[in-house]
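Numbering (my numbering), first residue to last: 10 to 598.
Right, dumping it as structure tokens:
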């Protein structure tokens with residue numbers, strides 16, 4: 010049975026001080042903090058907050074815990090700076106470095122458990138030679154349940170309203186400022202508008218960009234519900250995005266959409282080897298440089314590559330299985346059993362993931378400052394979609410916290426104008442267009458075609474010719490998307506996601522064309538521009554939607570460092586500066 014198209018004027022109208030879009034890691038923390046600071050909060054989630062986002066099945070550990078006595082904020086900021094080829098706003102990273110330990114303690118207060126040693130100290134482990142930041146979570150599968158329980162506490166419920174199954178498609182703006190959002194109910198099809206003093210986008214990565222080697226639309230490394238919603242909404246609101254040419258590519262288990270889990274296995278003594286049994290990873294931090302080493306090994310006569318665990322004692326392997334087979338990807342044990350793979354007798358074949366956009370594991374996202382503010386007043390971003398490089402889970406929590414506080418402060422004095430009817434009408438047309446053509450090509454068919462083009466034309470190594478063909482293909486996809494058919498609210502949701510993926514694909518292609526150099530290892534490897542060009546490109550490349558509707562590019566200089574980076578010399582010669590508003594925060598915590 011087809012859903013009827015509701016009139017734009019017949020809609021559910023909601024209002025709040027702070028609107029949080031996305032109920033995952035960053036979104037839940039943003040809502041909790043905004044409520045703590047007195048805001049009336051509306052938390053929208055297109056699925057259900059209880060089991061949504063990258064934390065839906067839990068997390069086996071923290072990748073970037075800066076615990077006193079184990080590492081320093083300066084160590085962490087320096088490591089991230091090097092991992093990102095020096096192109097980083099250190100002030101944003103320093104927030105994660107100095108506030109992350111406090112966040113660990115806050116999460117413990119909610120009931121999240123972190124591993125401790127026999128002395129009651131945090132059992133931080135070392136993966137990279139440059140720092141000890143990995144903090145295991147022995148009951149990490151329950152982390153989302155703990156957060157949801159916290160959100161449902163009586164005192165929090167008084168300030169936070171959760172609207173599950175509501176999917177925003179556009180941020181509404183008046184006079185260049187964010188004033189709300191517009192979307193629909195993914196179960197009933199009801200049209201919804203929200204008036205807000207401030208808006209926080211926390212919708213995760215664009216994980217459904219490239220097509221996995223398996224060919225399954227939803228068999229992605231990242232949570233497949235994260236289709237770049239926030240990237241597209243920020244872009245259409247006029248916000249700047251940055252580093253979109255810096256793709257996310259990860260090592261994973263061959264034919265399985267789960268990570269290779271170096272952060273779990275390596276601290277226990279596991280490591281990566283080639284087919285000859287030799288180690289090959291030289292890079293100190295998980296980065297594009299490391300992925301270039303992985304890709305080179307895969308493509309050489311020394312491939313394939315493996316995660317080696319077979320040399321470990323049985324008790325150690327049992328401990329690793331207890332983590333890997335119950336948390337984040339609990340189907341892993343079933344997958345290995347089906348392949349006849351036992352960690353004790355057979356090493357695990359690895360491969361690389363499809364491409365995506367994610368600041369949490371790379372450096373591509375919505376441009377934010379150290380207060381989580383975007384370039385659009387009243388619009389904030391946090392989590393994997395906000396440009397704080399390699400921010401991971403703790404960074405998502407930290408920036409959710411920062412965004413919640415910042416947005417609340419802004420909303421207190423923000424004007425509440427009437428919502429713009431022209432933008433509402435345009436969003437209405439976008440949402441319900443498939444219902445007008447119910448027998449058109451189905452979403453799965455159109456999405457497969459779109460993401461096949463992503464693989465064909467954007468996969469590194471990149472070239473001008475392929476990227477140009479990609480831009481042309483993504484422009485043509487406007488026609489396919491306009492013809493896409495749907496009959497139910499769920500199908501409307503999937504169709505809207507295809508528009509987000511297309512927007513992200515075009516941004517990725519155009520940004521990759523614009524940066525005429527190679528940088529960040531495999532993440533932006535140009536075969537036709539194989540070398541880095543520091544004189545021209547030691548800078549942030551930002552893009553935005555201009556007043557004419559066309560994509561515009563602007564370069565931003567790399568801000569002066571507030572933390573020295575041993576062994577790294579800035580090619581632009583800009584000297585380091587002190588930052589009294591941030592430096593010193595560690596000692597006071």
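Where is the CB? At the ideal position from N, CA and C, for every residue including glycine.
A quick note: this is a predicted structure, and the numbers were derived from the prediction, not measured.
Span of the alpha helix (DSSP H) around residue i
i, result
"residue 327", "323-333"
"residue 467", "452-467"
"residue 46", "Where residue 46 is concerned, there is no enclosing alpha helix (DSSP H), given that its DSSP letter is neither H nor E."
"residue 159", "152-160"
"residue 573", "Element bounds for residue 573: n/a, residue is neither H nor E."
"residue 245", "238-245"
"residue 263", "Premise fails: residue 263 is in no alpha helix (DSSP H) and is neither H nor E."
"residue 206", "It is not in any alpha helix (DSSP H) - residue 206 instead sits in the beta strand (DSSP E) that spans 200-210."
"residue 5", "No statement about residue 5 is possible, as the shown extent of the chain runs from 10 to 598 and does not include it."
"residue 471", "Counting along the chain, residue 471 falls outside any alpha helix (DSSP H), and DSSP gives it neither H nor E."
"residue 113", "99-119"
"residue 441", "430-441"
"residue 311", "Per DSSP, residue 311 belongs to no alpha helix (DSSP H) and is neither H nor E."
"residue 163", "163-166"
"residue 86", "82-92"
CA-to-CA distance, residue j to residue i, given in whole angstroms
i, j, result
"residue 487", "residue 330", "46 Å"
"residue 96", "residue 364", "21 Å"
"residue 314", "residue 495", "43 Å"
"residue 193", "residue 481", "31 Å"
"residue 404", "residue 152", "15 Å"
"residue 597", "residue 230", "Only weak support is given to the placement of residue 597: the predicted model assigns it a pLDDT of 36, under 50, and the question is left unresolved by the model."
"residue 509", "residue 326", "41 Å"
"residue 287", "residue 350", "20 Å"
"residue 592", "residue 83", "Note that residue 592 has pLDDT 42, beneath the 50 cutoff, so the model's placement of it is unreliable and the number below is only indicative. So the two alpha carbons sit approximately 9 Å from each other."
"residue 515", "residue 526", "19 Å"
"residue 304", "residue 361", "8 Å"
"residue 21", "residue 439", "17 Å"
"residue 64", "residue 155", "11 Å"
"residue 479", "residue 465", "8 Å"
"residue 367", "residue 34", "14 Å"
"residue 430", "residue 187", "14 Å"
"residue 198", "residue 57", "16 Å"
"residue 469", "residue 39", "35 Å"
"residue 171", "residue 75", "32 Å"
"residue 237", "residue 506", "8 Å"
"residue 538", "residue 467", "15 Å"
"residue 301", "residue 259", "10 Å"
"residue 523", "residue 278", "42 Å"
"residue 24", "residue 428", "11 Å"
"residue 32", "residue 169", "12 Å"
"residue 415", "residue 500", "35 Å"
"residue 386", "residue 182", "9 Å"
"residue 14", "residue 233", "27 Å"
Enclosing beta strand (DSSP E) for residue i [first to last residue]
i, result
"residue 140", "140-145"
"residue 360", "357-361"
"residue 564", "560-566"
"residue 533", "Segment: none, residue 533 is in no beta strand (DSSP E) and carries neither H nor E."
"residue 390", "388-390"
Within 7 Å, strictly: CB atoms of residue i and residue j
i, j, result
"residue 554", "residue 247", "yes"
"residue 311", "residue 157", "no"
"residue 48", "residue 477", "no"
"residue 174", "residue 196", "yes"
"residue 122", "residue 145", "no"
"residue 493", "residue 449", "yes"
"residue 72", "residue 398", "no"
Residues bridged to residue i (per DSSP)
i, result
"residue 194", "175"
"residue 375", "250 and 395"
"residue 22", "202"
"residue 215", "236 and 366"
"residue 281", "316"
"residue 515", "None, per the DSSP bridge assignment."
"residue 288", "282"
"residue 54", "173"
"residue 352", "Paired residue(s): none; residue 352 is not in a bridge."
"residue 548", "566"
"residue 382", "389"
Any C-beta of chain C under 7 Å from that of residue i
i, result
"residue 534", "Of the protein chains in the structure, only one exists, and it is not chain C."
Proximity test, residue i beta-carbon vs the ligand FAD heavy atom, cut-off 6 Å
i, result
"residue 95", "Because no ligand of any kind appears in the structure shown, any question about the ligand FAD cannot be addressed here."
Sufficient close CB pairs (3 or more, under 8 Å) joining the region 524-539 to the region 567-576:
no
Three or more C-beta pairs closer than 8 Å, one from the region 333-353 and one from the region 293-313: is that the case here?
no
The region 193-212 / the region 382-393 touching (three or more Cβ pairs under 8 Å)
yes
Does the region 241-255 come within contact of the region 542-562, defined as at least 3 CB pairs closer than 8 Å?
yes
Taking 8 Å as the threshold, find out whether the region 74-81 comes into contact with the region 98-117 through three or more Cβ pairs.
Here the region 74-81 lies against the region 98-117, with 3 or more beta-carbon pairs under 8 Å apart.
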